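J.: When we follow my numbering, the leftmost residue of the sequence shown carries the number 8, and every step to the right adds one.
Each residue gets a CB set at the ideal place from its N, CA and C atoms; glycine is no exception.
Owing to the predicted nature of the structure, the values given are computational and were not obtained by experimental measurement.
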Amino acid sequence: MPTVLVLNSGSSSLKYQLVDPGSGEVLAGGVVERIGEGTGRVAHEVAGEEVSREQPVADHGAALRLVLDLFEEAGPSLREAGIAAVGHRVVHGGTSFTAPVVVDDDVVEAVRGLVPLAPLHNPANVTGIEVARELLDVPHVAVFDTAFFTDLPPAAATYAIDAGTAAEHGVRRYGFHGTSHQFVSSAVAEHPAVTAMLAAAGREPGTLRQVVLHLGNGASASAVLGERAVETSMGLTPLEGLVMGTRSGDLDPGIIFHLVRSAHLSVDDVDTLLNKRSGLLGLSGVNDMRELTRLVGDGDPDARLALDVYLHRLRKYVGAYAAVLGGIDVLAFTAGVGENAAHVRAGVVEGLEFLGLAVDRERNEAGSRASRVISPAAGTPLVMVVPTNEELAIARQTIALVAP
Ligand code: ADP
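Quick look at the structure:
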C-alpha cells in the first residue's frame with residue numbers, strides 16, 4: 008500500500024507522520040523541536056516505542072535529514088514503506104489556493120508571496136517544502152489551512168473597512184484549521200445518528216446545519232451548511248475569534264492603538280502580546296487546559312476567570328452561528344480540549360438550552376476515543392465529539408491528487 012509522509016513545518020519545529028491513507032494507519036511519526044536554537048530535540052515514535060535524541064538542529068534541512076536518518080535506524084525504512092508522496096500542511100493559501108495542489112516552482116513562489124499575510128507561518132512552510140523537495144524525490148502536495156473557507160459568503164468574508172484599502176492589501180476573512188473543520192464536518196455528516204436524524208425528518212444532506220468547535224491550543228469555530236462553510240471565527244490571521252491557549256481572540260482594535268500610544272509598545276510587541284502572551288496564559292499563567300482545570304479545582308480565582316471568559320466566548324459564538332445557520336442540528340467538539348475536556352463541553356452547552364442543546368452527563372464523561380453523540384438519547388439537536396485527524400486528511404487529499 009502506498010504511504011504518504013505528512014509534514015507540518017512550524018517556525019522552530021517539524022512535525023511528521025508516515026500514514027497509510029487507505030487504512031488510516033500511522034506507521035511512524037514524531038516531532039523535531041527547537042530548530043535553530045541551542046538545544047534541539049527529536050522524538051520518533053514507531054509501534055508504540057519512542058526513540059528520542061537531544062542535539063542542536065541548525066535548520067529545517069538538518070531537521071528533515073535527522074528524521075530521514077531515524078526512519079532508517081528505528082524504522083520503518085522509507086525505501087521499503089514505498090512513499091508515494093509528501094503532503095505539506097500550509098497555513099495560508101490566500102485566495103489563490105482553493106484546494107490542494109501538486110507543488111512546483113510556481114506554487115513555492117506563490118506560497119512565498121503570501122508571507123506578508125502570514126508572517127508567522129508561511130516562511131516555515133516554504134522552507135519545509137523546499138528542503139523536502141531536495142531530499143525526497145516524489146510528488147509533493149500542499150494542503151492549505153484556508154482552503155475550506157475560500158468559498159465563505161461575501162457577507163461573512165468581508166471586513167467593514169475602506170474597500171479599496173482592503174482590496175489592495177488582501178484584507179478579508181480567510182479562516183484557518185480548515186482541514187480539521189472539513190474532516191470533522193464530513194465525519195459528522197456521515198455519522199449514522201446524523202443520517203438517521205435527517206432521514207426521519209425527510210431532509211436532504213445539503214440542509215444539515217452544523218457548528219464545529221475545534222478547541223486545541225489554537226481554537227476556532229465554524230458554521231457549516233451541508234458541505235459548505237458559511238462562517239468561521241478566525242480571520243485575516245489565526246488571531247481572531249475564540250479565546251485560545253496564548254491568543255486573545257476577538258478584541259476591540261482600539262486596544263492596539265491604545266497600547267502603542269500609551270504603553271509605547273511597538274507593533275511587534277503588540278503582535279507578541281496578543282499571539283503569545285494572551286488567552287488562557289495571559290489571564291491565568293497557564294495555557295494548557297489540564298493545568299487550568301487543576302488550578303480551577305484548587306480555587307485559583309485567575310484560573311476561574313480565564314475559564315469563564317473562555318466559555319462565555321464559546322457560548323456567544325455558538326449562539327451567533329445558530330443565528331447565521333437559521334438553527335442548529337449538530338454541535339460538534341474536536342481537538343485536544345474538545346475531545347477530552349468533558350467539563351468544557353458541559354460548560355459550553357450550559358445556558359444554551361433555549362437552542363435545544365444539552366449533554367447527557369454519562370455520555371459526556373465516558374472516556375471513549377470514537378466519534379459519538381453525547382446529547383440525551385431522544386433529543387435533537389445532537390451534541391457530538393468527533394476526533395479530528397488533520398494528518399490523515401492531508402494524506403488522503405495528497406494521494407487523491409497524485410494517484411487518483
Ligand atoms: P494543537 O493546537 O497544538 O494541535 P491539541 O489539539 O493537541 O493542540 O490540544 C491541546 C490542548 O488540549 C491543550 O490545552 C491540552 O491541555 C488539551 N488537552 C489534551 N488532553 C486533555 C485532557 N485529557 N483533558 C483536558 N484537556 C486536554
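So the alpha helix (DSSP H) Thr279 belongs to, where does it begin and stop?
T.: Start and end: 274-283.
J.: Would the C-beta of Asn224 count as close to ligand 1, meaning under 7 Å from any of its heavy atoms?
T.: Checking every heavy atom of ligand 1 against the Cβ of Asn224, one is found closer than 7 Å.
J.: Taking 7 Å as the limit between beta carbons, can you name the residues of its chain near Gly135, skipping five residues before and five after?
T.: For Gly135, where only same-chain residues beyond five positions count, the Cβ hits under 7 Å are Leu14, Ser16, Leu21, His67, His95.
J.: Is Ala330 near ligand 1 - that is, is its Cβ less than 7 Å away from at least one heavy atom of it?
T.: Not so, every heavy atom of ligand 1 lies at least 7 Å from the Cβ.
J.: Span of the beta strand (DSSP E) holding Thr151?
T.: Rather than Thr, the amino acid found at residue 151 in this sequence is Phe. Per DSSP, Phe151 belongs to the beta strand (DSSP E) from 147-151.
J.: Which of the three DSSP states is assigned to His176 in this structure?
T.: Three-state result, His176: helix.
J.: Can you name, in chain order, every residue of its own chain whose Cβ lies under 7 Å from the Cβ of Val114, other than the five neighbours on each side?
T.: Taken in chain order, the residues that qualify are Val108, Ala149.
J.: Going by CA-CA distance only, name the one from Val93, Ser229, Val366, Glu116 that's closest to Val133.
T.: Nearest option by C-alpha distance: Glu116.
J.: I'd like to know if the segment 220-231 and the segment 337-345 are in contact, where contact means that at least 3 CB-CB pairs between them fall below 8 Å.
T.: Output reads yes: the segment 337-345 touches the segment 220-231.
J.: When you compare only the Cα positions, how much space is there between Gly333 and Gly182?
T.: C-alpha separation (whole angstroms): 21 Å.
J.: Can you tell me whether DSSP reads Val49 as helix, strand or coil?
T.: Val49: strand per DSSP, three-state reduction.
J.: In terms of alpha-carbon separation, which member of Val74, Gln217, Ser255, Val178 lies closest to Leu124?
T.: Looking at the Cα atoms, Val178 is the closest of the given residues.
J.: With 16 as the cutoff for other CB atoms within 10 Å, does Glu397 come out buried or exposed?
T.: Classification of Glu397: buried, given that the 10 Å Cβ count is 16 or more.
J.: How about Ala5 and Val380: do their beta carbons lie closer than 8 Å?
T.: Past the boundaries of the shown model lies residue 5; the chain is included only from 8 to 411, so the question cannot be answered.
J.: Flag Val114 as yes when its Cβ comes closer than 7 Å to any non-hydrogen atom of ligand 1, and as no otherwise.
T.: Every heavy atom of ligand 1 is 7 Å or more from the Cβ of Val114, so no.
J.: Have a look at His51, Gly252, Gly31, Ala65 and flag the residue whose alpha-carbon is nearest the alpha-carbon of Ser18.
T.: Comparing Cα-Cα distances from Ser18 to each of His51, Gly252, Gly31, Ala65, the minimum goes to Ala65.
J.: What span of residues does the beta strand (DSSP E) with Arg235 cover, start to end?
T.: That run of the beta strand (DSSP E) goes 235-239.
J.: Let me know if Pro245 comes out buried or exposed under the rule of 16 or more other beta-carbons within 10 Å of its beta-carbon.
T.: Buried: at least 16 other Cβ atoms inside 10 Å.
J.: Have a look at Leu12 and Ala35 and give me their C-alpha separation to the nearest angstrom.
T.: Roughly 9 Å separates the two Cα atoms.
J.: Mind listing, in chain order, the continuous alpha helix (DSSP H) runs of no fewer than 4 residues lying wholly within the segment 69-127?
T.: Counting whole runs of 4 or more residues, the segment 69-127 contains the alpha helix (DSSP H) stretches 85-88, 112-120.
J.: Along the alpha helix (DSSP H) that carries Gln217, what are the first and last residues, could you check?
T.: Careful: Gln217 lies outside any alpha helix (DSSP H), inside the beta strand (DSSP E) at 216-222.
J.: Val38 and Ala50 - do their beta-carbons sit closer together than 8 Å?
T.: The answer is yes: Cβ separation under 8 Å.
J.: Could you give the distance in angstroms between the alpha-carbon of Leu364 and the alpha-carbon of Leu314?
T.: So the two alpha carbons sit approximately 20 Å from each other.
J.: Would the C-beta of Gly209 count as close to ligand 1, meaning under 7 Å from any of its heavy atoms?
T.: Gly209: no, Cβ never under 7 Å from ligand 1.
J.: For Val33, which of helix, strand or coil comes out of DSSP?
T.: In the structure shown, Val33 sits in a strand (DSSP, three-state: E or B).
J.: What do you get for Gly252, buried or exposed, if any count of 16 or more other CB atoms within 10 angstroms of its CB means buried?
T.: Per the 10 Å Cβ criterion, buried.
J.: With hydrogens ignored, establish whether the beta-carbon of Asn347 is closer than 7 Å to any heavy atom of ligand 1.
T.: For ligand 1, at least one heavy atom lies less than 7 Å from the Cβ of Asn347.
J.: When we look at the beta-carbon of Val274 and count the other beta-carbons within 10 Å, is it buried (16 or more) or exposed?
T.: When all chains shown are included, Val274 counts as exposed.
J.: Counting pairs of Cβ atoms below 8 Å between the segment 214-224 and the segment 186-199, do you hit three or more?
T.: At 8 Å Cβ cutoff, the stretches touch.
J.: From the DSSP secondary-structure annotation, give me the bridge partner or partners of Asn15.
T.: Answer is Lys22.
J.: Comparing the CB of Ala342 with every heavy atom of ligand 1, is any distance shorter than 7 Å?
T.: Yes, Cβ of Ala342 sits closer than 7 Å to a heavy atom of ligand 1.
J.: Using a Cβ distance threshold of 8 Å, determine whether the segment 157-173 contacts the segment 190-199, with at least three qualifying pairs required.
T.: Touching, no.
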